[in-house]
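S.K.: In this note's numbering, the protein residues as written are 2 to 64.
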Amino acid sequence: MLEMFKGLFVEEEGQGMTEYGLILGLIAVAVIAALTLLGTNISDLFNDLKGKIPGGTADGGTI
């Protein structure tokens, strides 16, 4: 039984997956924050470009 408890502290198989999970979580938070802060600017940019395309509608209607 003592060997089993020693094995829990020596083996680090899940450490790499945990680190990748944390990195992925931080990237997801950064992407969500960027989209939240820049979302309206990006939307306005696309609407402006859409209005300049022949046949496009700037109000988001169907083409």
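From the three backbone atoms N, C-alpha and C, an ideal C-beta is built for every residue, glycine too.
1) So, helix, strand or coil for G15, using DSSP?
2) Give the DSSP-derived three-state secondary structure of G26 in the structure shown.
3) Measure the C-alpha to C-alpha separation of S44 and E4 and round it to an integer number of angstroms.
M.R.: Inspection of the coordinates gives the following:
1) Position 14 of the sequence shown holds residue 15. Here G15 sits in coil by DSSP.
2) Counting from 1 along the sequence shown, the entry for residue 26 is found at position 25. Note: G26 maps to helix in three-state DSSP.
3) Residue numbering aside, residue 44 sits at position 43 when the sequence shown is read from its first letter. Residue numbering aside, residue 4 sits at position 3 when the sequence shown is read from its first letter. Their backbone Cα atoms lie some 60 Å apart in a straight line.
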